[in-house]
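Novice:
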Amino acid sequence: MRFSRVVLEQSLRKIGYTDIRLAPTGAEALKMATERRADVILADWVMPGMSGLDLLDEIRRLDERRHWYTAVLLFTAKGENEALLEAFRRGVDDYLVKPPEANALAARVYGAGRIASLHNALLQTADAVQAANRELIASNQIDALTGLGNRRYLEQRIEAMLRVAQARHGGVCVALVAIDHFKRINERYSYDIGDDMLNNVALRLRNAVRPTDVITRHGEDTFAIAMAYQEPSLPRPDLFARLVETTGMRAYHSDMGDIEITVSVGAHCHHSDQAIEPLSTFIGAAEDNLAAAKVAGRNGFIYR
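Numbering (the UniProt record's numbering), first residue to last: 1 to 304.
#1: With DSSP collapsed to three states, give me the class of Y191.
#2: Enumerated in chain order, which unbroken segments of the alpha helix (DSSP H) with a length of 4 residues or greater are wholly contained in the UniProt domain "GGDEF" (170–304)?
#3: At a cut of 8 angstroms, does the stretch 262–271 reach the stretch 168–181 through at least three beta carbon pairs?
#4: Ordered along the chain, which non-local residues of its own chain (more than five positions away) have a Cβ less than 6 angstroms from that of M50?
#5: What are the complete beta strand (DSSP E) segments, minimum 3 residues, inside the UniProt domain "Response regulatory" (1–113)?
#6: Can you list, in chain order, the residues of its chain with a C-beta nearer than 6 angstroms to that of K294? Leave out the 5 residues immediately preceding and following it.
#7: Taking 6 angstroms as the limit between beta carbons, can you name the residues of its chain near M197, skipping five residues before and five after?
#8: Compare the beta carbon distance of Y303 and F223 with 8 angstroms and say whether it is the shorter of the two.
#9: Could you spell out where the alpha helix (DSSP H) holding I158 opens and where it closes?
#10: Using 8 angstroms as the threshold, is the C-beta distance between E58 and L30 below it?
#11: E159 and L279 - do their beta-carbons sit closer together than 8 angstroms?
#12: Can you give the Cα-Cα distance for V164 and R157, rounded to whole angstroms?
#13: Taking 8 angstroms as the threshold (C-beta atoms), are T246 and I261 in contact?
#14: In its own chain, which residues sit with a C-beta less than 8 angstroms from the C-beta of R2, not counting the 5 before and 5 after it?
#15: Around the Cβ of L56, are there at least 16 other Cβ atoms within 10 angstroms (buried) or fewer (exposed)?
#16: Is the stretch 97–111 touching the stretch 66–80, taking contact as three or more C-beta pairs under 8 angstroms?
#17: Could you check which residue in A286, L290, V201 and V7 has the C-alpha nearest to that of K98?
#18: With a threshold of 6 angstroms on Cβ separation, who are the neighbours of V172 within its own chain once the five nearest residues in sequence on each side are excluded?
#19: I'd like to know whether the C-beta atoms of T216 and L154 end up nearer to each other than 8 angstroms.
#20: CA-CA distance, E101 and G297?
#21: Output needed for L290: all residues of its chain with C-beta closer than 8 angstroms, excluding positions within five of it in sequence on either side, in chain order.
#22: Kindly list the residues whose CB is nearer than 7 angstroms to the CB of residue 318, restricted to its own chain and excluding five residues on each side of it in sequence; keep chain order.
#23: Near D255, what residues of its chain come up, given a Cβ to Cβ distance below 8 angstroms and the 5 sequence neighbours on each side ignored?
#24: Given a threshold of 16 other Cβ atoms within 10 Å of its Cβ, counted over all protein chains shown, does E287 qualify as buried or as exposed?
#25: Would you report the Cα separation of V201 and R60, rounded to the nearest angstrom?
#26: Who are the near neighbours of G91 in its chain, counting only those whose CB is closer than 7 angstroms to its CB and skipping five residues on each side?
#27: Would you tell me roughly how many angstroms separate the C-alpha atoms of Q130 and A107, rounded to the nearest one?
So this is what it looks like as structure tokens:
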């Protein structure tokens, strides 16, 4: 309702926000965000035409295309845990129960702004690293299409991680992530669309892992993620389940329509209390697990 939007604007201005845009519908909010990006979007869960969750999906697609992160908060009268779980699964940053108390509103908006700022700082750093990596293509360690390291680069990083793990009693894990039926996608849609999809999946993976994790291109349809860890309980299997879910959460939007994405993941880990494996054996075990994940039906993971 217009009155609710006006009251919300007044509340935000009282806590110091000045660049505030009001939209009567989700579609209009998406149009505004497309014309000029926002740090934080506050939206009602239930709106005419486009719901808050639908708006969230469109904002995430928009962010993927322009390498930006917009924090999204939903207002809801709902208290059902399942509905909130679905919202967080689809990428919402936070929620507020209507009508929001003034201090709670301020705290949530401040927090959302920090989330957006941190995400965008990481994206800018990643873009800068990618630009620098293009200059290293001549060294045969960088994949020209994605700007990620290649297999040679992965092997060097894993060797370094294993040395540190042995010295500090930690562990190293490599996860191979393959786009399911990628050859069919190339044949049906075009190799250009396939190349764009590879870059999109690389971005999704970058957003799904820690800044310290190393993402490389491992093959035509496959990425590798090298992860170092200290805690004996890590990595947990839900880490690899999250890679599968996050990468395939939204369809890839191409000029020829939306293309559903699923991935298969094969992972292998080494801890310092285990016998040291040759590098080829270490990576080969992950490749065997990836092959097993594909045989098991794809869109899943195998870690052992």
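Cβ atoms here follow ideal geometry from the backbone N, Cα and C, with glycine treated the same way.
All of these numbers come straight from a predicted model, not from anything done at the bench.
Specialist: Taking the structure as given:
#1: helix
#2: 182–189, 191–208, 237–247 and 279–295
#3: yes
#4: G26 and A27
#5: 40–44, 71–76 and 94–97
#6: S264
#7: Y252
#8: no
#9: R151 to R168
#10: yes
#11: yes
#12: 11 angstroms
#13: no
#14: At R2 the pLDDT is 45, less than 50, meaning the model places this residue with poor confidence and gives no usable figure here.
#15: buried
#16: yes
#17: V7
#18: M161, L162, A165, A228 and H270
#19: yes
#20: 48 angstroms
#21: L176, A178, T222, S264, V265, G266 and I302
#22: With the chain covering only 1 through 304, there is no way to say anything about residue 318.
#23: I193
#24: buried
#25: 13 angstroms
#26: L56 and R60
#27: 35 angstroms
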